[in-house]
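Before any comments, here is the structure.
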Amino acid sequence: MLSNQLIQARDNLKERTAGHQGECRITIRSASGAPVRRLVLLPSPLYVSVFLMRFSFGLVLFTLPIFLPRREFSNFAVGVIAAAYPVAETICGPLVGFLADKFGRRKWIYSGLAVSTVALLAFPLNTDIGYLVVVHAVQGLAAAMIVVSSLTMVTDASSTKNRGKEMGVYDFANLSGYMIGILAAGVLTKFGSRTSPFYFASGLAATAAIFAYFKVKETRSREVKSTLSPIKTLKLLLSHRRAAAMFPIWLAMTTFIGITLTFGPRLGPSPFLTSIVFGASVLILAVTQPLFGYLSDKFGRDKLMMLGLLSIIGLFSTAITMVRGRLGIWTGTPFLVVFGLGCFAFPPAALASLGDLAPERGRGTTMGAYSVVISFGTIIGPLLGGYLLDRYGPASLFYAGLILLIGALGLAILIGGTERLPTIKPIRLRRHPRG
0 MLSNQLIQAR
10 DNLKERTAGH
20 QGECRITIRS
30 ASGAPVRRLV
40 LLPSPLYVSV
50 FLMRFSFGLV
60 LFTLPIFLPR
70 REFSNFAVGV
80 IAAAYPVAET
90 ICGPLVGFLA
100 DKFGRRKWIY
110 SGLAVSTVAL
120 LAFPLNTDIG
130 YLVVVHAVQG
140 LAAAMIVVSS
150 LTMVTDASST
160 KNRGKEMGVY
170 DFANLSGYMI
180 GILAAGVLTK
190 FGSRTSPFYF
200 ASGLAATAAI
210 FAYFKVKETR
220 SREVKSTLSP
230 IKTLKLLLSH
240 RRAAAMFPIW
250 LAMTTFIGIT
260 LTFGPRLGPS
270 PFLTSIVFGA
280 SVLILAVTQP
290 LFGYLSDKFG
300 RDKLMMLGLL
310 SIIGLFSTAI
320 TMVRGRLGIW
330 TGTPFLVVFG
340 LGCFAFPPAA
350 LASLGDLAPE
360 RGRGTTMGAY
370 SVVISFGTII
380 GPLLGGYLLD
390 RYGPASLFYA
400 GLILLIGALG
410 LAILIGGTER
420 LPTIKPIRLR
430 RHPRG
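Going by numbering that gives the first Met the number 0, the sequence shown opens with residue 0, and the numbers climb by one from there.
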């Protein structure tokens, strides 16, 4: 009996949702009227597109610092080239978010992947600094189109009850693509030429663009007839203290991430070994994201974000103690592992919290604002990291990271307060009748 109900519900669901993809729920009830099982249609083609996109980006992320000869490019010059990507993403993110709210999300994903295909092909054609800055900026434009739109679609297709898990799954697709891209780049640069990852990445982006065009469905609600202006959306978002408090934390975290991703391949023992270390780290991060997202749904976003923040501070403190020789490698490694795992609690909980707070008619702009903050951090990171490396050496990076994170946590507490808040509900606007 229940099996027949499930089959009939599935058929009805297909008829009602043909051509539209979003959060679709049906509850099947027993003869007594009690709910028996809930079915959820999730945007899996979107996650496939995100995975392929990050696969291609991971190839270039790891290869670009190696592709630039050390004798011709100082660390600061590499930082300038690396910063072009997030500068473009910072400028374009809010605009893409507004356009996604106004005209829909889907078209910006496959268009961004098409732009990325061309940019990736252009990378190995010239090693002039100005040329590479322009090409990397175009890649940043493509990233803004894809990331802002895809995050908005995940927000559309989830609710406050399961948004943490869905953001965790999104992060899994995102990071697993990065992981495989980094490992593939290590193999290609070891056994092939240093230009081959760019061509392979371009082919992946083209494949993802075609896949997204045919498979990814629109999630923007047909009921939303108008959109909020970016300024109005940001005012609503920042008027919530907890939403505003998240931004300095994201800024500090992405600053150090920008440093690590830009200079890690240049400082490692070899490209191949460094790619293995990076890939393993990203794999652990990817696998833990759905779990931490689920825990944020169950126990609250604030608890998981605080766990992540304290773990990050513990990780940097341990690393500095080990660098100074006050903690041996065998004694310090268990602390690094525990704090490292705890760090991964922050991203899915914070993204879900931001999605919870997003105004329904300004979700794209909200994710555009998030894009600005993370992009700004990855602008500061390569520039700061290049300066510190050239002047003070690698150990200075850990001190800078710890100072940034402690300062960001203090600022976040100052902005958001320390009182316990009730469950976050989405910001909704009342529509007054005209006249």
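Positions of the beta carbon are idealized from the N, C-alpha and C atoms, including for glycine.
For T259, the three-state DSSP class (helix, strand or coil): Taking the sequence shown and counting its residues from 1, one reaches residue 259 at position 260. Three-state result, T259: helix.
Give the straight-line distance between the Cα atoms of E14 and P264, rounded to the nearest whole angstrom. As a first step, residue 14 must be located in the sequence shown, where it is residue number 15. As a first step, residue 264 must be located in the sequence shown, where it is residue number 265. In this prediction, E14 has a pLDDT of 37, which is less than 50 and means its spatial position is unreliable; nothing more can be read from the coordinates.
Give the DSSP-derived three-state secondary structure of T287 in the structure shown. Along the sequence shown, one-based indexing puts residue 287 at 288. In the structure shown, T287 sits in a helix (DSSP, three-state: H, G or I).
Do E165 and A156 come within 8 angstroms of each other at the CB atom, strictly closer than that value? The residue labelled residue 156 in the question sits at position 157 within the sequence shown. The residue labelled residue 165 in the question sits at position 166 within the sequence shown. Cβ atoms of A156 and E165: closer than 8 angstroms.
CA-CA distance, S238 and I414? Position 239 of the sequence shown, counted from the start, is the residue given in the question as residue 238. Position 415 of the sequence shown, counted from the start, is the residue given in the question as residue 414. For S238 and I414, the distance between alpha carbons rounds to 11 angstroms.
How should I328 be labelled, buried or exposed, when 16 other C-beta atoms within 10 angstroms of its C-beta is the threshold for buried? Counting from one through the sequence shown, the residue named residue 328 turns up at place 329. The residue is exposed, with fewer than 16 neighbouring Cβ atoms inside 10 Å.
Helix, strand or coil: how does DSSP classify N173 here? Within the sequence shown, the letter at position 174 stands for residue 173. When secondary structure is reduced to three states using DSSP, N173 falls in the helix class.
Closer than 8 angstroms is the cut-off here; do at least three beta carbon pairs connect the segment 88-103 with the segment 278-286? Between the segment 88-103 and the segment 278-286, the count of C-beta pairs closer than 8 angstroms stays below three; the two stretches do not touch.
Touch check for the segment 180-187 and the segment 119-130: three-plus C-beta pairs under 8 angstroms? Short answer: they don't touch.
Report the option in A348, F255 and L119 whose CA atom is closest to the CA atom of F197. If you number the sequence shown from 1, residue 197 lands on position 198. Closest in alpha carbon position to F197, among A348, F255 and L119, is L119.
Cβ-based burial, S469 [other Cβ within 10 Å; buried from 16]: Residue coverage of the chain in this structure runs from 0 to 434, which leaves residue 469 outside it and unanswerable.
Okay, do the segment 89-107 and the segment 204-218 touch, 3+ Cβ pairs below 8 angstroms being the bar? Three or more beta-carbon pairs separated by less than 8 angstroms link the segment 89-107 to the segment 204-218, which places the two stretches in contact.
Is the Cβ-Cβ distance between A208 and S55 less than 8 angstroms? Mapped onto the sequence shown, residue 208 falls at position 209. Mapped onto the sequence shown, residue 55 falls at position 56. The answer is no: Cβ separation not under 8 angstroms.
Does the segment 311-319 touch the segment 340-354, meaning 3 or more C-beta pairs lie closer than 8 angstroms? They touch, by the three-pair rule.
Which residue's Cα is closest to the Cα of Y84: S274, I373, T194 and V168? In the sequence shown, the residue the question calls residue 84 occupies position 85. It is I373.
contact_flag[the segment 254-261, the segment 130-146] where n(CB pairs < 8 angstroms) is 3 or more: Judged by Cβ distances under 8 angstroms, the segment 254-261 makes no contact with the segment 130-146, as fewer than three pairs qualify.
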